[in-house]
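Structure record follows, encoded as structure tokens.
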Amino acid sequence: MCAVISSNQNALGLERAAKFNIPSSLLPKIQMSKKNYDKHLCEVVRTYQPDLIVLAGYMKILNADFISMFRDKIVNIHPSLLPKYPGLNTHLRAINAKDKKSGATVHFVTEELDGGPIIMQGSVPIFSNDSSEQLSRRVLEIEHKMLVTAISLICAENKEA
6 MCAVISSNQN
16 ALGLERAAKF
26 NIPSSLLPKI
36 QMSKKNYDKH
46 LCEVVRTYQP
56 DLIVLAGYMK
66 ILNADFISMF
76 RDKIVNIHPS
86 LLPKYPGLNT
96 HLRAINAKDK
106 KSGATVHFVT
116 EELDGGPIIM
126 QGSVPIFSND
136 SSEQLSRRVL
146 EIEHKMLVTA
156 ISLICAENKE
166 A
């Protein structure tokens, strides 16, 4: 891991980075246009020369320039079984649709929102009395495990290449 970057000063990732002496950058979006923030983010990330960028809890849409600059290096975890329910409110949408299961998807990021190539998926049942909060907690449990597994797979593949 070469760095942790967050816009949230209370992010657990920043705390863990400090604990393990991993470089970090705090990029609060204070008095900055989206265009300028995105440009600044590109510059900061580029300084670390990452082999892989993992979006964990990152709830903003990356611009096309950023995606292009780091093509095939950006991984996201999304709380649904894509291609079902891209975007927000995934748990409520799955419950309202009376789906029997939901889950999470680890995928590469492309310009299409939550539409990049799927790396892996995991599922959990949806119970008849589930609230979106209950379902969210179950999905989050598998997200953590899946993200670690997916990163390991990608790193192993990159090592072989």
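Numbering of the sequence shown is given in the working numbering, commencing with residue 6 and proceeding in unit increments.
Idealized CB from N, CA, C, for every residue including glycine.
{"Query": "Residue closest to residue 114, alpha-carbon to alpha-carbon, out of 135, 58 and 12", "Result": "58"}
{"Query": "Residue 29 in three-state terms, based on DSSP", "Result": "strand"}
{"Query": "For residue 62, three-class secondary structure by DSSP", "Result": "coil"}
{"Query": "C-beta contact flag for residue 88 and residue 105 at 8 Å", "Result": "no"}
{"Query": "Residue of 27, 137 and 66 minimising C-alpha distance to residue 95", "Result": "137"}
{"Query": "Check whether residue 9 and residue 27 have beta carbons under 8 Å apart", "Result": "yes"}
{"Query": "Uninterrupted alpha helix (DSSP H) stretches inside the segment 107-165 (no shorter than 4 residues)", "Result": "137-165"}
{"Query": "Beta-carbon proximity list for residue 90, same chain, < 7 Å, skipping 5 on both sides", "Result": "98 and 99"}
{"Query": "DSSP bridge partner residues for residue 82 (one or two, in chain order)", "Result": "111"}
{"Query": "Where residue 35 falls: helix, strand or coil (DSSP)", "Result": "coil"}
{"Query": "8 Å Cβ cutoff met for residue 144 and residue 121", "Result": "no"}
{"Query": "Within 8 Å, strictly: CB atoms of residue 19 and residue 12", "Result": "no"}
{"Query": "Rounded separation between residue 103 and residue 85 - CA only", "Result": "14 Å"}
{"Query": "Cα-Cα separation between residue 123 and residue 46, rounded to whole angstroms", "Result": "25 Å"}
{"Query": "Residue 10 - partner residues in DSSP beta bridges", "Result": "30"}
{"Query": "Cβ-Cβ distance between residue 61 and residue 152 below 8 Å", "Result": "yes"}
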